[in-house]
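Below is one structure, written out as structure tokens, with a few remarks after it.
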Amino acid sequence: MADQVVIVTGAGNGIGLSMIQLLMKSAKVSHVVAVDLNIDKLKAIQKEHPEKVSLVTGDVSKTSTSIEAVETAVKQGGHLNSLILNAAMVRPTGYLPKLVVNDWRKAFDVNFFSQLDMMQQAWPHLLESEGNVMMTSTRVSQEPTDSWTCYATTKAALNYLCSCLPLEEPKIKYVAITPGAVDTDSQTASRLDGKIKNFSPKMRKFLNEIYSSNKLLKPEQPASAFVKLVETGIPDKFTGKTIYWGDI
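To convert, take the position in the sequence shown, counting from 1, and add 328; that gives my numbering.
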């Protein structure tokens, strides 16, 4: 029976868009709320599945967007089972002394505080359903890195938050998922930043080597791990952990 109701942020492109496409095919999902600033690519999906997906256009760093997403999920689906907190921004990237502190604040607003805000808005509904919270993390948050210091720091904070949440409320399950190097717009932008901004030569070489060796994953590969956990729930052994998508 299709009874899973899901909110996905950062749904308009890349991994998030692939999540929506896969969720539309799931027999266990009854309704999805797709959230993004740009919903152009989502409109065709909604046209094909008008009863299964609702679109919310908005900035995830605004509480009003979180409220609208949760209210839409409960109104259209009757309840809420899973949050997939995928919205993120990679910039600012480059040499630390040249980065603008206000750009760091914006990155934390999107990559960290928006996730916290969405969880707080959804909390009573997730508590009722004993639901799931999935966060998109990154491997660069798990060991020191240059050039993406801001992005890595925001995601490291998210990983730590995930580890604390089971102590706050064990009835809800939580996991941070690292998708690996994926062929998305943000990956392309990172390579371009290496040419036009302050990416280190080492990092520029690393990114270009991944791209030229065809080692980038397709977005639907890591997206499938998120959808699997929507369908099965997050196992106890994963809750509070940061896990590579291929290990799910």
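Even glycine gets a Cβ: it sits at the ideal position worked out from N, Cα and C.
Annotation for Ser392: Gly386 place their beta carbon closer than 8 Å to its own, counting only its chain and skipping 5 residues before and after.
Within the DSSP secondary-structure output, Asp445 pairs in no beta bridge. Comparing alpha-carbon positions, the option among Gln549, Thr506, Leu370, Gln448 lying closest to Ala416 turns out to be Thr506. Between Val398 and Ala450, the C-beta spacing is below 8 Å. By the 16-neighbour rule on beta-carbons within 10 angstroms, Tyr423 is exposed. Assignment of Leu544 by DSSP, reduced to helix, strand and coil, places it in the coil class.
Three or more Cβ pairs closer than 8 Å define a contact, and the region 336–345 meets that threshold against the region 363–380. Boundaries of the beta strand (DSSP E) around Ala362: 357–364. At the C-beta level, Ile343 and Pro550 come within 8 Å of one another. Where Ala485 is concerned, the enclosing alpha helix (DSSP H) starts and stops at 477–496. The alpha carbon of Lys353 has as its nearest neighbour, out of Met447, Pro420, His377, Ser382, the alpha carbon of His377.
Under the Cβ criterion (8 Å, minimum of three pairs), the region 428–444 does not count as touching the region 402–410.
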